[in-house]
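The working numbering puts the sequence shown at residues 1323 to 1507. For glycine and all other residues, C-beta sits at the position ideal for the given N, C-alpha and C. In this text the structure is predicted, and so the values were computed from the model without any measurement. Notes for the one structure printed next.
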Amino acid sequence: MSSPPRGAITAQLEPVVAEAVARSGFDLEEFDVQQAGRRRLIKVVIDSDDGVGLDEISDVSRAVSEVLDAHEHVLAGSYTLEVTSPGVDRPLTRARHWRRARYRLVKIRFADGEKLVARVGAADDEGVTVLVAGELRRVAYRDVERAVVEVEFQQPPAEDLVKLERAASGVSQEGDDREDTEEPR
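What follows is the structure in structure tokens.
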């Protein structure tokens, strides 16, 4: 019995796998089916705003496995399932990726060739506020060619986090207009 082409298998299984992943409380970031000898290798990459732990990977793996077993006629044979979370080198391609990278250092390459390293602030559906050399800058996603998180081995500077938090809440970067007064003793 011949099996359907890889693209057809992916097209049939991705929606049901995405639904199983969503029921588990995660986003399906990537779904891929490859032939690996006589078996198929099914790779499922999941993520969430709160990250992904090993116990959660195990839970999602069971849920996806049940769905795949129910659709074994599509696979036409045995398979190996790999459920994982995205690595730090995953490109930031969607607004939710930028939101999840808040306060992280990222390397950005723009469509016009400009490159910079910046700390991520608040992100919305159109773009993100970043901190570059102490200055806030608004970046539209459409202008970004590639962006990836940089690995850091120390905590971000507190003053950077304060600037980004103030920008997100709309508080002036210069501070407020109240005068400092001392309490009477």
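Spatially closest choice to residue i from the options, by CA coordinates
i: A1433; options: V1461, A1342, R1384; result: V1461
i: R1361; options: R1424, T1402, V1428; result: T1402
i: K1485; options: L1363, E1351, D1371, Y1425; result: Y1425
i: E1467; options: I1368, R1412, V1473, I1430; result: I1430
i: V1410; options: A1333, V1339, V1473; result: V1473
i: H1419; options: A1398, D1371, L1335; result: D1371
i: V1396; options: E1448, E1378, V1339, E1487; result: V1339
i: R1345; options: I1379, V1454, A1385; result: A1385
i: E1475; options: S1387, L1427, A1445; result: Per the sequence shown, the amino acid found at residue 1475 is Phe instead of Glu. The candidate whose alpha carbon is nearest that of F1475 is L1427.
i: A1469; options: L1458, D1447, A1445, P1413; result: P1413
DSSP-derived helix/strand/coil call for residue i
i: G1329; result: helix
i: D1349; result: strand
i: Q1495; result: The pLDDT assigned to Q1495 is 49, lower than 50, so where the model puts this residue is not dependable, and the model offers no usable value.
i: A1462; result: strand
i: A1433; result: coil
Nearest-angstrom beta carbon gap, residue j and residue i [assumed within contact, 8 Å]
i: V1354; j: K1365; result: The amino acid occupying residue 1354 in the given sequence is Asp; Val does not appear at that position. Right, their Cβ atoms sit about 4 Å apart.
i: E1351; j: D1369; result: 5 Å
i: A1423; j: V1471; result: 6 Å
i: G1443; j: A1480; result: Not really, about 15 Å apart at Cβ, beyond 8 Å.
i: V1452; j: R1464; result: With 8 Å as the limit, V1452 and R1464 do not qualify as a contact, their Cβ atoms being about 15 Å apart.
Closer than 9 Å to chain D by CB, residue i
i: V1428; result: The chain labelled as chain D is not found in the depicted structure, where only one protein chain is given.
Opening and closing residue of the beta strand (DSSP E) in which residue i lies
i: T1455; result: Here residue 1455 turns out to be Ala, not Thr, going by the sequence shown. Counting along the chain, A1455 falls outside any beta strand (DSSP E), and DSSP gives it neither H nor E.
i: R1468; result: 1466-1471
i: G1443; result: 1437-1445
Cβ-heavy atom distance, residue i to the ligand FAD, below 8 Å
i: T1415; result: Annotation note on the ligand FAD: not contained in the displayed structure, which lists no ligands.
Only counting runs of 3 or more residues, tell me where the beta strand (DSSP E) segments fall wholly within the segment 1353-1429, in order along the chain. Taken in chain order, the unbroken stretches of beta strand (DSSP E) that lie wholly in the segment 1353-1429 and span 3 residues or more are 1361-1369, 1401-1406.
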